[in-house]
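Notes for the one structure printed next.
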DNA sequence: GTCGTAATGTACCATTTGGTAAAAAACAGG
DNA sequence: CCTGTTTTTTACCAAATGGTACATTACGAC
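Residue numbers (the numbering used here), protein chains in the order written: chain X, 10 to 217; chain W, 10 to 217.
As structure tokens, then:
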């Protein structure tokens, strides 16, 4: 079976380049020339390898979730709800301020508001943000039965609150907020957390 | 002195129509046909009355700040820092969920990330968000000398925190969050506020 | 070598983008 | 009526948009 001409570029490397452009300019703000220049390939190669702009964005989004934004999933593994949100906030700050990649968060600024052509992507991002929030809600629900969150806590409220803070921090980051500033936001935000500060476990039953 | 043909449309009404389109689709996501259709005028009339797309957006932004988003300035007039942030959060929720106009906040989603053509607008929005945050910082500074915020509070941290929450709520609103959900976010967010909850005037200063 | 296959480079496509030129139309003053 | 002024209408513009046709090139199998 003939194999054809071999591909001259690294697909995942090109995908990472595309990811960075989408990350910086958003889905609609990124043009095909932007992409081909950054990826070092020409248009037909892009279409042959990735389908079209929309599919390329979705593949970049998957790579984003499993790479730079992997902390979102990883945070869920922490033993306590408090550790979960601390992991999430710390990882978010790392992501948002890492000088090796664009400021901000692709899940938020990829297509927050846009014309009709980008509406599919906008909805996809909404859906993925909702999925993440939902995963945290479930995690906090378990934390309530585990006893490391007060029994009268509302897991949905807590998940929505930290999602709001994280998304707000993404806006702050694209506006130029520094790591130090975001860390202070996280400290303040954590004052709202049910269990109180680590040094004062006087709230309710501590162990599980 | 001859007066010329009279204008056949209401300028401020047309501006309001333009505002709503920008609000829903963002600066870059809004096309000239989008605008002229919504405003009920044709292109040369738009250019004669407003200059160009960029100037029209800036005028719509001014109108936004003095109309739908007037609560941001008004909140600063409240007598205590606590009342200021409660006013801000309540007004923000009203703005974000009012069914009479688009979901979300023009200051956030007008141009969060974009290509080169919208970069001027993006920077302008960053600057206006920063100006608002700064106004709240100054207000909280005064609250510290007034004594209605603990002396060891950091006014900049508090202002950045509530700005983060408000901007996060804007993202939540464009994602479909309801008024009830946003109200619960506000309640949770207020638990981080220095003075504590209204029912418990005992503040246990912890710092960080 | 020849053949089949798949990638590449160039050139192109229709549509949409923001922005205008120019003529027609509606008013006020004389 | 005519004249000056400003808006409206229609038509157009160059540039950029996402997406392809097509010929060329590089490989593996025979």
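Every residue gets a Cβ at the ideal spot worked out from N, C-alpha and C, and that includes glycine.
Quick caveat, the model's predicted, so the values are computed rather than measured.
- Shown here, residue 186 of chain X sits in coil according to DSSP, grouped into three states, outside any helix or strand.
- In this chain, residue 39 of chain X is not harboured by any alpha helix (DSSP H), its DSSP state being neither H nor E.
- In the three-state scheme derived from DSSP, where H, G and I count as helix and E and B as strand, residue 86 of chain X is classed as coil.
- Sequence-distant partners of residue 35 of chain W (beyond 5 residues in either direction) whose C-beta falls short of 7 Å from its own C-beta, in its chain, are 118, 119, 120.
- If you check the CB distance, residue 183 of chain W and residue 122 of chain X come in under 8 Å.
- Between the alpha carbons of residue 135 of chain X and residue 127 of chain W lies a gap of roughly 23 Å.
- Comparing C-alpha distances from residue 129 of chain X to each of X:59, X:26, X:198, X:66 shows the shortest one belongs to X:66.
- About 13 Å separates the CB atoms of residue 108 of chain X and residue 32 of chain X; that is not less than 8 Å, and the two are not in contact.
- What residue 190 of chain X touches in chain W, judged by beta-carbon distance under 9 Å, is 165, 166, 169, going in chain order.
- With a cutoff of 8 Å on beta-carbon distance, residue 89 of chain W and residue 178 of chain W are scored as not near each other.
- With a contact defined as Cβ atoms closer than 8 Å, residue 57 of chain W and residue 27 of chain W miss out at about 14 Å.
- At a beta-carbon threshold of 7 Å, the residues of chain W lying near residue 178 of chain X are 173, ordered along the chain.
- The Cβ atoms of residue 166 of chain X and residue 91 of chain X lie no closer than 8 Å to each other.
- Look at residue 117 of chain X: its C-beta is under 8 Å from a C-beta on chain W.
- Counting the other Cβ atoms within 10 Å of the Cβ of residue 142 of chain W gives 16 or more, which makes it buried.
- The contact set of residue 93 of chain X on chain W, defined by CB atoms closer than 9 Å, is empty, because the minimum CB distance reaches about 16 Å.
- Of the candidates W:86, W:62, W:22, W:72, the residue whose Cα lies closest to the Cα of residue 149 of chain W is W:86.
- No Cβ-Cβ contact shorter than 8 Å links residue 24 of chain W with residue 70 of chain W.
- Counting of Cβ neighbours within 10 angstroms places residue 189 of chain X among the exposed residues, the total staying below 16.
- Short of 7 Å from the beta carbon of residue 169 of chain W, and not among the five residues preceding or following it, lie these beta carbons of its own chain, in chain order: 142.
- Look at the stretch 122-139 of chain X: the residues with a C-beta under 8 Å from a C-beta of chain W are 122, 123, 124, 127, 135, 138, 139.
- The contact set of residue 194 of chain W on chain X, defined by CB atoms closer than 7 Å, consists of 169, 170, 173 in chain order.
- In terms of CA proximity to residue 193 of chain W, X:172 leads the group X:172, X:186, X:196.
- 8 Å or more divides the Cβ of residue 18 of chain W from the Cβ of residue 60 of chain W.
- Around residue 73 of chain W, the same chain offers 28, 115 as residues with beta carbons nearer than 7 Å, after the five sequence neighbours per side are excluded.
- For residue 106 of chain W, the closest Cβ of chain X is not nearer than 8 Å.
- Think of a sphere of 8 Å around the beta carbon of residue 39 of chain X: the chain W residues whose beta carbon falls inside it are 124, in chain order.
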